[in-house]
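Following: one structure in structure tokens, then a few remarks.
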Amino acid sequence: MVSVDPRLRRRLPQTATGAGVRGGAALALIGAWVSILAARPHLVPGHGPTPPGLVVAGTAAIAALALGICLGRPLAWWTTAGVLLAGISAAALAPVHPWRAAWMLAGAAVLLVLAYPVRRGAVPAGAGRGLAVAGVAAETLALALGAHAHAGPVPVPFMLGGFAAGAVVARYPRGGRLLRSVTPGDLERARSAHGRTHISCFVATTDKRAVELPGGAISAFRTLGGVALCVGDPLASREAQPAAIQEFTAACSRRGWEPCFYQTAPGLRDAYRAAGMRLLKFGEEAVVDLTTFTLAVPERGNLRREVCRAGRAGLTATIAPWATAEPLLRGELEPVSRAWLQRRSNREMGFSLGRFQETVDPGAWLVVVRGPGGVVHAFSSWLRLGHDGIALDLVRRHPRAGPGAVDLCLTEALLEAQRRGMRVASLGSVPCRDSAGDAPDGRLARAVRRVLYGHGLGGYQYRSLARFKNKFAPRWESRDIALRGGPSSLRVLGALLAVHAGRSRRAG
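If you're matching positions, the sequence shown starts at 1403 in the working numbering and goes up one per residue.
Below, the structure written as structure tokens:
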């Protein structure tokens, strides 16, 4: 069985050999089309010269398919196979010179060998759709040539078989051999051992599916519109992550999904590029080293003053496990959360952020800041980050909160984590921030980021958010988005916007 690296099906060839193979396949298609046009009087006895409109339209379509072949688009391969199928079947059933039929047959053989093969014994999810497209393309060409009497019956089994195969594949368990679902216990152990970034705290939410890859790594993702949105880097040791990236992208290619890794670490940029991915900088994550955290340093002077203001206003902070919060306490927090949301888009984001109605982590902390009368001014929730850290999740502040309420809320959590011997705390990411100047993308992407960073999006002001987090004097670490290049990038970015803006749903 022929095995083709999935990267060769999605990108321009990276080597001279790949370019030669694809170029040869494209030339075979063009040659077959020329042969079909030349053979048309024999295919349909009694017909005169080929109409100019058919020549122009057909040539444009064939040129588009040839370009698709060079770009490795799976549907271009299947459509081409259908075109050649119609030509071959018509040629085989009509008195055509043998060399013409042989040329078309050779072109079809090249394309079918290189197109969307069955790999490692599993059926590619795009095969059903591909067969159906091939059948439709064959039928269309037969009608255009006027050779339907010869070629028409041949594509019918391909169309019917393709639709049947597509229905079977749609019901085929998405996990398959390469995507075995993991238990919550296995996921929690992987998150504790290998979770290193803020985004890793959200692998267990109900809108995602966690799977184990062949090498033992675990990835959590959500599919939307044919895009597989993976939450951060695969959970594995640093040495195993490059192989896990390859395994996940290969699994996506087998199922016809566009892979995307959201908020990845810059240390894996070479690994993502080796897997055929392109990189866009998402922003930067604010990380606080708890081993040296103190307010008694000049760079945290503004934070120290705000905490002192909160103390003078009579504000106090308490910490409790989120899972043990009493219904009365939740009743007090809900109005604060609702008032906070009303000043923004009046809805909660999801996927890489928590929601008030959902407990992302049963071991989360809840920090509540109250005024002298016991009224809640602000609250925050904190998730477990790896085995020795915490990560900020929700932050809510009442519009009439006292001065320094949020500063006190976050500072008290950091000091408590320090007392418990934790080493690191993440304050979350700021989209579009690029203070490090290490963006892996081009000039246009940087210009778009500058605009968004200055003006914000969806009621969130990124520059103000970064200014607030800077009071804690964190170190800023870059976070990227890894995706395939080309037109599919727009579909991936649209899926990312949709999962953040839409309602949370349970993964199937």
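Even glycine gets a Cβ: it sits at the ideal position worked out from N, Cα and C. Since this is a predicted model, take the numbers as computed values, not measurements.
DSSP, reduced to helix, strand and coil, places residue 1756 outside both helices and strands of the structure shown, so it counts as coil. The shortest C-alpha to C-alpha distance from residue 1832 to any of 1868, 1754, 1803, 1810 is the one to 1868.
Residue 1661 carries a strand assignment under DSSP once its states are collapsed to helix, strand and coil. Taking residue 1708 as the centre and dropping the five residues before and after it, the same chain places the C-beta of 1806, 1809 closer than 6 angstroms to its C-beta, in chain order.
DSSP, read as helix, strand or coil, puts residue 1672 in helix. Per DSSP, residue 1623 is one residue of the beta strand (DSSP E) stretching across 1620-1626.
DSSP places residue 1822 in the coil class of the three-state scheme, outside both helix and strand. Contact between residue 1794 and residue 1828 is confirmed by a C-beta separation of about 7 angstroms, below the 8 angstroms threshold.
A distance below 8 angstroms between beta-carbons, with the five flanking residues on each side excluded, links residue 1900 to the following residues of its chain, in chain order: 1626, 1627. Counting of Cβ neighbours within 10 angstroms places residue 1850 among the exposed residues, the total staying below 16. Residue 1892 and residue 1834 have their C-alpha atoms spaced approximately 18 angstroms apart.
When rounded, the separation of the alpha-carbon atoms in residue 1478 and residue 1431 is 11 angstroms. CA-to-CA, the gap between residue 1674 and residue 1754 works out to about 20 angstroms.
Classified as exposed, residue 1694 has fewer than 16 neighbouring CB atoms from the shown chains inside 10 Å of its CB. Sequence-distant partners of residue 1813 (beyond 5 residues in either direction) whose C-beta falls short of 6 angstroms from its own C-beta, in its chain, are 1709. When the Cα atoms are used, residue 1586 and residue 1611 turn out to be separated by approximately 11 angstroms. Between residue 1798 and residue 1742, the CB-CB gap stays under 8 angstroms. Excluding its 5 nearest sequence neighbours in each direction, residue 1597 has C-beta neighbours in its own chain below 7 angstroms: 1603, 1637, 1787, 1788, listed in chain order. In the same chain as residue 1614, and ignoring 5 residues on each side of it, the C-beta atoms closer than 7 angstroms to its own belong to 1582, 1584, 1620, in chain order.
Just so you know, the alpha carbons of residue 1653 and residue 1884 end up roughly 16 angstroms apart. Under the DSSP assignment, residue 1644 falls outside any beta strand (DSSP E), being part of the alpha helix (DSSP H) whose first and last residues are 1643-1656.
Taking C-beta atoms under 8 angstroms as the contact rule, residue 1717 and residue 1771 qualify, at a distance of about 5 angstroms.
Following the DSSP letters along the chain, one finds residue 1834 in no alpha helix (DSSP H), marked with neither H nor E.
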